[in-house]
Every structure is written in C-alpha cells, then in structure tokens.
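Visitor:
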C-alpha cells in the first residue's frame with residue numbers, strides 16, 4: 705500500500721472513531737483533551753462537532769495552521785511527562801473525551817508514550833469517558849469499545865472508562 709493510501713485510511717479511521725466517540729459523550733459533562741495538536745485538524749473538527757465544549761490541547765511545540773491553535777488558556781505546551789501529571793491534578797477524573805494522536809512511527813518510542821498515557825488516563829477519565837487513540841493505551845480502568853465497521857483493528861483504538 706502506498707504511503708498516500710495509508711494516510712488516507714488512517715484519517716478515515718480517525719474520523720470514524722471520533723464520530724462514534726462524540727456520539728457517546730455528547731451528553732456526558734466534562735472537558736475534552738487532545739494529545740498532539742499536529743496541524744490542528746482534529747482540534748478544529750472537535751470544536752466544530754462539540755460546540756461550547758472546553759478542549760484542552762497538549763503539544764510539545766506548536767506547528768499548526770494559525771486558525772487551528774487553541775488560546776493560551778487551552779494549550780498545554782511541553783513534554784507529556786511534565787504536562788500530563790499537572791493536568792491530572794488540575795482536572796481529576798472529570799474528562800469526557802480524550803483523543804490521542806501521538807504516534808511517531810518509531811515503534812519503541814510509541815510503546816513508551818502509550819505506556820505512560822495508560823498510567824495517567826485512569827486518573828483523568830470520568831465514568832463513561834471515552835478514549836480514541838492511535839496507540840493501544842488499554843489499562844484496568846477501561847473496556848475496549850468496538851471499532852466502527854470500516855476501521856481495521858489495530859489502526860485505531862477506542863475505550864470507555866468503567
């Protein structure tokens with residue numbers, strides 16, 4: 705498969721999973737956390753489909769389209785290992801939706817990031833909260849959700865907090 709076809713499939717899977725997650729949390733109170741701003745596409749999409757919902761974005765360094773950068777109060781800059789524990793103290797178990805798109809293409813590095821996220825997510829998610837991730841961040845506090853029919857297993861992951 706070409707790299708173009710691969711990215712198209714990844715983005716289709718991402719959107720299908722986000723759409724399912726939005727339906728699941730639409731009536732669940734709490735903020736949304738976006739791990740990895742990238743170009744700002746999913747942040748822009750989430751603010752469109754969840755109007756009025758606070759969305760906090762974690763990013764090491766902003767390189768997004770200027771129209772897709774959150775204001776300073778909703779942008780947590782720096783390494784996840786420093787910003788995420790502080791967010792746990794700030795938000796506690798109140799988060800309705802986490803979208804994590806932090807894959808680097810380096811399997812070892814991605815595994816370390818996913819393992820770290822899995823230690824923090826149980827402390828952030830409210831019961832019924834949903835995680836959509838490009839990495840497997842399963843942990844004891846969540847149940848795996850079925851993926852949309854057109855998403856190949858392993859392409860994306862979805863979980864709901866117990």
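Numbering (my numbering), first residue to last: 705 to 866.
Ideal Cβ placement from N, Cα and C applies to all residues, glycine included.
1) Which residues bound the alpha helix (DSSP H) around residue 715?
2) From 857, 856 and 828, pick the residue whose C-alpha is nearest to that of residue 866; which is it?
3) From the DSSP output, which residues share a beta bridge with residue 760?
4) Under a three-way DSSP split, which group does residue 866 fall into?
5) Measuring alpha carbon to alpha carbon, tell me which of 770, 812, 739 and 726 ends up nearest residue 824.
6) Buried or exposed: which applies to residue 735, given that a residue is buried once 16 or more other Cβ atoms fall within 10 Å of its Cβ?
Guide: Let's see:
1) 707–729
2) 828
3) 737
4) coil
5) 739
6) buried
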